[in-house]
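Here is the structure we will look at.
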Amino acid sequence: MLATLFSDPVPGSDPAMGSIRRGGVRNHMGVKSMTPSGPGTHEGDWIKVWYRFVPRDGWLPDDTEGLWATQLSDDTARVENAPFLQDGVAEGEIVRFVTDADGRRWAKERVEASGNCTIRVLPIPSGPLGRSAQAVRDRLSPFVSGGEAFSEDLPLVAFTVPADADLAQLKALLSRGRDDGWWHFEAACVTDAWCDA
39 MLATLFSDPV PGSDPAMGSI RRGGVRNHMG VKSMTPSGPG THEGDWIKVW YRFVPRDGWL
99 PDDTEGLWAT QLSDDTARVE NAPFLQDGVA EGEIVRFVTD ADGRRWAKER VEASGNCTIR
159 VLPIPSGPLG RSAQAVRDRL SPFVSGGEAF SEDLPLVAFT VPADADLAQL KALLSRGRDD
219 GWWHFEAACV TDAWCDA
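Numbered as in the working numbering, the sequence shown ends at 235 without a single skipped number.
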């Protein structure tokens, strides 16, 4: 899976992957995303919904990721940010969760798709963008929303691609950037519209 993430046939062999095992926003339960930002939002309005997965070989050792969500009922929430590690999840989806004895909410299933996609982009340090997550955001801003960076050491940027984005142009830009040595990218959650673009 790591090979598909970075279009690199040997996990960890890409110079851009040098700091992959260092850095990151972690707690004892795995990776957690930063608080979403936007009009009318603050941390008190959000809950964390956690995902458990099998870690990828040669990648971060985490096996959980917490995503911010708006609780909609006793067991459903709307995901409010793009994941760094969990595949198959996009901002805006409604998910069902179960709450464990410690009060942690664990995602169980998707209840409703959002139509959004999730992409992750890692700038190549020796490329024209350097290690700049902001430069990646600037290039992709006409097509995406969000753009949270994992850490300064690992400038992996997770983006939400809105359902109404020009997917064909975005895919062309992502491929051109990869071919020109700007970044590696992964489409972590896609729709039929993405596949058809």
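Every residue gets a Cβ at the ideal spot worked out from N, C-alpha and C, and that includes glycine.
Just so we're clear, the structure is a prediction, and the values are computed from it rather than from any experiment.
Per DSSP, the bridge partner or partners of residue i
i: Pro161; result: Trp221
i: Gly184; result: Phe197
Residue range of the unbroken alpha helix (DSSP H) whose run includes residue i
i: Ala171; result: 171-178
i: Trp232; result: 230-234
Euclidean distance between Cα positions of residue i and residue j
i: Gln207; j: Gly141; result: 43 Å
i: Ala225; j: Leu205; result: 12 Å
i: Trp232; j: Ala203; result: 10 Å
i: Asp191; j: Arg175; result: 17 Å
i: Asp230; j: Val117; result: 20 Å
i: Val149; j: Leu110; result: 12 Å
i: Lys86; j: Leu211; result: 33 Å
i: Thr137; j: Asp112; result: 9 Å
i: Ala235; j: Ala139; result: 44 Å
i: Phe223; j: Asp83; result: 31 Å
i: Pro93; j: Pro180; result: 32 Å
i: Ile219; j: Ser213; result: According to the sequence displayed, residue 219 carries Gly and not Ile. About 10 Å.
i: Cys155; j: Val182; result: 9 Å
Span of the beta strand (DSSP E), counted from its first residue to its last, around residue i
i: Trp11; result: Outside the shown range of the chain (39 to 235) lies residue 11, about which nothing can therefore be said.
i: Ala203; result: Careful: Ala203 lies outside any beta strand (DSSP E) and carries neither H nor E.
i: Trp115; result: Correcting the residue identity first, residue 115 is Ala in this sequence and not Trp. Ala115 -> beta strand (DSSP E) spans 114-117.
i: Gln124; result: Gln124 -> no beta strand (DSSP E), and no H or E assigned at all.
i: Val136; result: 132-137
i: Leu167; result: Segment: none, Leu167 is in no beta strand (DSSP E) and carries neither H nor E.
i: Gly104; result: 102-109
i: Trp88; result: 85-90
C-beta contact flag for residue i and residue j at 9 Å
i: Val159; j: Gly215; result: yes
i: Trp221; j: Gly165; result: yes
i: Ala120; j: Val133; result: no
i: Thr114; j: Phe135; result: yes
i: Gln124; j: Leu105; result: yes
i: Pro163; j: Ala171; result: no
i: Glu147; j: Phe122; result: no
(message) Is it the case that the region 192-200 contacts the region 115-132, given that we only count it when at least three CB pairs across the two stretches are under 8 Å?
(response) yes
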